[in-house]
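Q: Chains as they are written, first to last, in our numbering: chain A, 1 to 441; chain B, 1001 to 1470.
Have a look at this one.
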Amino acid sequence: MSNHIDGSRNSCALHGALQLIEAIDGAVPVIHSNAGCGMQHFLGVNRSNAFGCPFGGPPVSSSNISEKHVVFGGSSRLREQLKNTVKVVDGELYFIVSGCSTEMVGDDIPAMAKEGREQDFPVIYANTPGFRGGVHHGYQLAVRALVEQLPDLLKEKRTPVKGLVNVLGIVPQQDPFWAGNLEEIGRLLEGIGLEPNLLLGYGQGVDGWHRVPEASLNIVVSVWGDAGARLLEERYGTPFLRLEGLPVGSAAGGLLRAVSDRLGLDSGLAEHVIQTQETRLRRQLGSLADAYFRAGFQREFALVGESAQVVGLSDFLTRTLGLLPRTLVITDDPPEESRASLEQSLALLVEEFGSEVFFTEDHAEISAVLRSGNAGLVLGSALEEQVAEELGAAFMRVSFPLGERVVIDRGYAGYRGASSLLEDLGTLLLSSATRKFNTVS
Amino acid sequence: MSLLKSKAPRIREKRLDTLNAWLGSAESSIRELSGEETFQRIRTFSQSSQDDLLHALRLLAGVRESVVIIHAPRGCIAAGLYHKVASGAGRWIVTNLDQKDTIMGADRKLRKAVTGAYRQYRPEVIFIVSGPVAAINNDDIQAVVDELHEELELPIVPVYVTGFASRNAVTGYDTALHAILKHIVGTRGDGQGTTKVNLLSVVEHPDDRVESERILALLGVELNVLPDGASATTFRLAAGARFSFSLDQDSENYLGVILRDEYGVPYVEQPRPIGLGATGRWLVSAGKALGREDVALAVHEQQSEQVRRSLGDFSLAGLRVYLALSPATAFAVADLVSEFGGEVVGVTVGHLGKLQVSQLESLARRYPSLQVHVADGQPFEELNIVRRLAPDLYIGDAAHIGQAARLGIPVVSLENVPVLGYAGVTGLVRRITAALKNRSFAESLAGIRTPYRDAWLRRSPNWHIKKEVK
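Okay, structure coming up:
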């Protein structure tokens, strides 16, 4: 049985699917649910990250069912909505997503999508009621729908691209740095001669999703990409490479090496790229060293975020920057079977330091573990600001919801992301050190 | 029978013939709403909008020392996250109904959430808000309320919104206020003997509340402000106040009417104090009710003189303005635009019903052929209309304002912007001046495509609005 949640940050499956669809150029979500479901998404997701949505407002198509549809069924309302959406809203792919009410009533959503396709509308669907799970589940459902249903819409066969690799597992908005992280991973893969298929973000359209089966490798950067990667392996025999978390700094070098190895590429090229990036990173660290020692960067920290973020950021902060992980809170509710390996890799970051790892999305519980850990530096979402303040800890917003922080294409993944992280964290630690100094005198 | 006997109030459609889809001249709108029967309209294409659940949550976010428990699947609390992040408001718990709960019901889970919230926060009041799933399942929330009310000794207030029973989100204010009146305010005769006056403030900007309290304090009146920032004590006092006074006749309507009809507290209604003229009329009507009309007149003269001096030669003469606002604000801002010599060329209001007829009449006298568009969050229609009218300025308060701005027209947002009283005029004029002085952001946005097909933008904007077949 699921429990009640205080201050939930993982919203629902419908919203997770919307997050994915909104990140694909040319895809138009068609919500079959109550009028408020899309607005909840806009307020609770788009706005809670301060860098809204590509449509410039709340979702552009929603059947807004009323009492009549709850009593007598709403399939005909969806038929009408779909037919008119195609006429009103410009798009290349219309993606029906359902909410709790229409699923309880039993509306036949697949049949409506099929009807649409028979009229030559490019339509797919996913059943995404919130009672089935949170955003991450919704992301998985939408990926599955795209993989399973898009081939039916493809008119002509196109020539496969050599060296194409898909990147899976980044949930837009839920990773507030999703766009920047993807672009950096793409840049690095391009560097070793591959063609990255990023699938989400600026310039990533429906066509990219049509090309998914042609890839020679799927790179999965979080547990949430597993289901999609397995499905693609099953259907097309595409192998996948799974990372425990975002590759930040030297971990990105590790990714390039592994990919190059897996695809049998010229290892000289990968090593050259890695060497160039590593030298650059070392140079930056060298220049930062003065500030590092002056402001006492080497602190105990708490980190609250998605599993991929917690793994990726804490790896860089501890293994490269020498910080000490006190409290690590994973908020995305990863599947039970993945927890042991997450816990193990995090506990080993600094041997015999005794980092504590928690799995919870409950705001009251997170506040309590942060209090008892009492770290001097808290990295988390806007929801953690209050408790950080209470603890007198330096605080930085890195996870969803960011609230009063605008992120456009900044990322923390890869080598460029490591530099950004050094900038942001360095600025915070310097200013908090100065503030403390001033209050003492 | 007492109106408070029922679980929830009658929806706005039934109580006040409220429409949420309509396009017609001001005059035809009056005819539609004044006739024997008002026909509801529906849309054959629609976009996400506010609903009663969202409005109830917004209102409850302002109640002090409270916890809101949403009895629903997990996503129904997303807006709570926004309120928390954007304004630090409220404590939000969701019962997180899963698939099994949708079949079996989940009162045990609700009970656990309530007792958990009580232990964690020791609030003065706990609200239980039902969502669509609980409404469809007909979960027995009342049983949980009855049982735990005894055990925990604090008011537990069930708010029965559904997300689908009404197309007018404003019904959610009514439902939340109904629940508060029924479960906190108590029975007639309670709280008698206070000299305070109720100021009805429903989801107002905090600065607007401060400004209206400041102005009314100049009349020497003690205020009991509710529901914004109210505690359980404030609500109890309300039933014995001298009278209730308006800030927004539309949002507050149910509260004013029930306090009057059920508790005998007179309700002094007045249009929103937006602009100098309206603020003066508002203040004088409060003065009259208090027997201090002369003080009110003197205060207004002095305060408005100050504002006038600070505005210099600000004028909207020759400017064509489009308004897309909630009803009470829209009519009041229309007055303000006229006051400064501008012309209102069209309005979109979130809903329209019997409550708005007298204001529609005064608008129709000034602009007989003015098009009135009724839509909550339907930017596809709004953009179609605004594009044709090509106004010089767009003033709006909806979440889709970023989309409207793609038309390249200077935009002023009133969402989360104080507009009331003397301070409101100064602030509003400053924003309008800025928007008109430098239009480069509007021009930067003008290059972005709207989400709509050109074929739609050429179609008649009321194409998808049809009479509902019963």
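Glycine included, each C-beta is placed from N, C-alpha and C at the ideal position.
Along the chain, where does the alpha helix (DSSP H) containing Ser1369/B start, and where does it finish?
A: Walking along the second sequence from the start, residue 1369/B turns up at place 369. Where Ser1369/B is concerned, there is no enclosing alpha helix (DSSP H), given that its DSSP letter is neither H nor E.
Q: Figure out for me which residue from Ala1008/B, Gln1040/B, Leu1003/B, Leu1004/B has the closest Cα to the Cα of Gly1353/B.
A: Position 353 of the second sequence, counted from the first residue, corresponds to residue 1353/B. Answer by Cα proximity: Gln1040/B.
Q: Going by other Cβ atoms of all chains shown within 10 Å of its Cβ, with 16 needed for buried, is Leu154/A buried or exposed?
A: Position 154 of the first sequence, counted from the start, is the residue given in the question as residue 154/A. It counts as exposed.
Q: Strictly under 8 angstroms for the Cβ-Cβ distance: is Thr85/A near chain B by that measure?
A: Taking the first residue of the first sequence as 1, we reach residue 85/A at position 85. Cβ-Cβ to chain B under 8 angstroms: yes for Thr85/A.
Q: Less than 7 angstroms between C-beta atoms, sequence neighbours within five positions excluded: which residues of the same chain meet that for Ser441/A?
A: Position 441 of the first sequence, counted from the start, is the residue given in the question as residue 441/A. Confidence at Ser441/A is low in this model, with a pLDDT of 37, below 50, so its placement is unreliable and the value that follows should be read with caution. Counting only Cβ-Cβ distances below 7 angstroms, and skipping sequence neighbours, we find nothing.
Q: I want to see whether chain A comes within less than 8 angstroms of Leu1097/B, judged by CB atoms only; does it?
A: Position 97 of the second sequence, counted from the start, is the residue given in the question as residue 1097/B. Yes, because at least one Cβ of chain A sits closer than 8 angstroms to the Cβ of Leu1097/B.
Q: Note down the Cα distance separating Leu328/A from Val357/A, rounded to an integer number of angstroms.
A: The residue you call residue 328/A lines up with position 328 of the first sequence. The residue you call residue 357/A lines up with position 357 of the first sequence. Going from the Cα of Leu328/A to the Cα of Val357/A covers about 5 angstroms.
Q: List, from N- to C-terminal side, the alpha helix (DSSP H) runs of 4 residues or more that fit wholly inside the stretch 1287–1325 of chain B.
A: 1293–1311, all fully within the stretch 1287–1325 of chain B.
Q: Contact defined as beta carbons within less than 8 angstroms: I believe Ala443/A pairs with Leu402/A. What is the distance between those atoms, to the nearest angstrom?
A: Outside the shown range of chain A (1 to 441) lies residue 443/A, about which nothing can therefore be said.
Q: Using the Cβ count rule (16 or more neighbours within 10 Å means buried), how would you classify Thr159/A?
A: By 1-based counting over the first sequence, the position of residue 159/A is 159. Thr159/A should be labelled exposed.
Q: By DSSP's criteria, Ser62/A is part of a beta bridge. Which residues make up the other side?
A: Start at 1 with the first residue of the first sequence, and residue 62/A comes out as number 62. Paired residue(s): Ile31/A.
Q: Is the beta carbon of His15/A sitting closer than 8 angstroms to the one on Asn1096/B?
A: By one-based count along the first sequence, residue 15/A stands at place 15. By one-based count along the second sequence, residue 1096/B stands at place 96. Cβ atoms of His15/A and Asn1096/B: not closer than 8 angstroms.
Q: Let's see if you can read the secondary structure: which residues bound the beta strand (DSSP E) around Ser1066/B?
A: Sequence index remark: in the second sequence, residue 1066/B carries index 66 (1-based). Element bounds for Ser1066/B: 1066–1071.
Q: Closest by CA to Phe1127/B, which one among Ile1141/B, Glu1468/B, Val1221/B, Glu1339/B?
A: Position 127 of the second sequence, counted from the first residue, corresponds to residue 1127/B. Closest option to Phe1127/B, Cα to Cα, is Ile1141/B.
Q: Please name the residues in the stretch 37–49 of chain A whose beta-carbon is closer than 8 angstroms to at least one beta-carbon of chain B, in chain order.
A: Here the close residues are Cys37, Gly38, Met39, Gln40, His41, Phe42, Leu43, Gly44, Val45, Arg47, Ser48.
Q: Counting only Cβ pairs nearer than 9 angstroms, list the residues of chain B close to Arg132/A.
A: Indexing the first sequence from 1 puts residue 132/A at position 132. Neighbours of Arg132/A on chain B, chain order: Pro1073, Asp1098, Gln1099.
Q: To the nearest angstrom, how far is it from the Cα of Val1063/B to the Cα of Glu1252/B?
A: Position 63 of the second sequence holds residue 1063/B. Position 252 of the second sequence holds residue 1252/B. Their Cα atoms are separated by approximately 15 angstroms.
Q: Would you check if the stretch 1173–1186 of chain B and the stretch 1023–1030 of chain B touch, i.e. whether three or more CB-CB distances between them fall below 8 angstroms?
A: Short answer: they don't touch.
Q: Kindly give me the distance between the Cβ atoms of Leu349/A and Arg319/A, rounded to whole angstroms, as I take these residues to be in contact under 8 angstroms.
A: Mapped onto the first sequence, residue 349/A falls at position 349. Mapped onto the first sequence, residue 319/A falls at position 319. Right, their Cβ atoms sit about 7 angstroms apart.
Q: Can you say whether Gln275/A is buried or exposed, counting buried as having 16 or more other CB atoms within 10 angstroms of its CB?
A: Your numbering for residue 275/A matches position 275 in the first sequence. Gln275/A is exposed by the Cβ-count criterion.
Q: Give me the Cβ distance between Asp332/A and Asn10/A, rounded to the nearest whole Å; I'm assuming they're in contact under 8 angstroms.
A: Numbered from 1 along the first sequence, position 332 holds the residue referred to as residue 332/A. Numbered from 1 along the first sequence, position 10 holds the residue referred to as residue 10/A. Right, their Cβ atoms sit about 7 angstroms apart.
Q: Drop a sphere of 10 angstroms on the beta-carbon of Gly411/A, count the other beta-carbons inside from all chains shown, and report buried for 16 or more, exposed for fewer.
A: Reading the first sequence from its first residue, position 411 is the one you call residue 411/A. It counts as buried.
Q: Counting C-beta neighbours from all protein chains within 10 Å, is the total for Gly1240/B 16 or more, i.e. buried, or is it exposed?
A: Within the second sequence, residue 1240/B is the residue found at index 240, counting from 1. Classification for Gly1240/B: buried.
Q: Based on DSSP bridge pairs, tell me the residues matched to Lys1182/B.
A: If you number the second sequence from 1, residue 1182/B lands on position 182. Paired residues: none, contrary to the question.
Q: Could you check whether the stretch 1047–1065 of chain B touches the stretch 1164–1175 of chain B, counting it as contact only if at least three pairs of C-beta atoms, one from each stretch, sit closer than 8 angstroms?
A: Counting Cβ pairs under 8 angstroms, three or more are found: they touch.
Q: From Ser1413/B to Gly417/A, what distance separates their C-alpha atoms?
A: Here the question's residue 1413/B lines up with position 413 in the second sequence. Here the question's residue 417/A lines up with position 417 in the first sequence. Roughly 35 angstroms between the two C-alpha positions.
Q: Report yes if the CB atom of Val123/A is closer than 8 angstroms to the CB atom of Ala111/A, and no otherwise.
A: Sequence index remark: in the first sequence, residue 123/A carries index 123 (1-based). Sequence index remark: in the first sequence, residue 111/A carries index 111 (1-based). Result no, Cβ atoms of Val123/A and Ala111/A do not sit closer than 8 angstroms.
Q: Please list the partners that Lys1112/B has in chain A, where partner means a Cβ-to-Cβ separation under 9 angstroms.
A: Residue 1112/B sits at position 112 when you count from the first residue of the second sequence. Residues of chain A passing the Cβ test: Asn3, His4.
Q: Using DSSP's beta-bridge definition, name the partner residues of Gly1467/B.
A: Start at 1 with the first residue of the second sequence, and residue 1467/B comes out as number 467. As written in the sequence, residue 1467/B is Lys, which differs from the Gly given in the question. Lys1467/B is bridged to Arg1041/B.
Q: Give me the residue from Asn166/A, Asn181/A, Gly52/A, Phe95/A with the minimum Cα distance to Ala145/A.
A: For the purposes of this step, residue 145/A is identified with residue 145 of the first sequence, where counting begins at 1. Minimum Cα distance to Ala145/A is reached at Phe95/A.
Q: Compute the beta-carbon to beta-carbon distance between Val28/A and Ser61/A, rounded to the nearest angstrom, for a pair I have assumed lies under 8 angstroms.
A: Locating residue 28/A in the first sequence gives position 28, where the first residue counts as 1. Locating residue 61/A in the first sequence gives position 61, where the first residue counts as 1. Right, the Cβ-Cβ distance comes to about 6 angstroms (below 8 angstroms), so this counts as a contact.
Q: Based on Cα-Cα distance, which residue from Leu323/A, Ile24/A, Ala308/A, Ser338/A lies nearest to Gly521/A?
A: Residue 521/A lies beyond the stretch modelled for chain A, which goes from 1 to 441, so this question has no answer here.
Q: Please report how far the alpha carbon of Ala270/A lies from the alpha carbon of Gly1090/B, in whole angstroms.
A: Translated into the one-based positions of the first sequence, residue 270/A becomes position 270. Translated into the one-based positions of the second sequence, residue 1090/B becomes position 90. Rounded to whole angstroms, Ala270/A to Gly1090/B spans 52 angstroms at the Cα level.
Q: So, Ala35/A versus Ser1201/B, is the Cβ gap smaller than 8 angstroms?
A: Mapped onto the first sequence, residue 35/A falls at position 35. Mapped onto the second sequence, residue 1201/B falls at position 201. Not a contact, by the Cβ cut-off of 8 angstroms.
Q: Between Ser1358/B and Asp1248/B, what straight-line distance do the alpha-carbon atoms span, to the nearest angstrom?
A: As a first step, residue 1358/B must be located in the second sequence, where it is residue number 358. As a first step, residue 1248/B must be located in the second sequence, where it is residue number 248. Each residue's alpha carbon lies about 15 angstroms from the other.
Q: Per DSSP, which one or two residues make a beta bridge with Phe1245/B?
A: If you number the second sequence from 1, residue 1245/B lands on position 245. Paired residues: Leu1199/B, Val1268/B.
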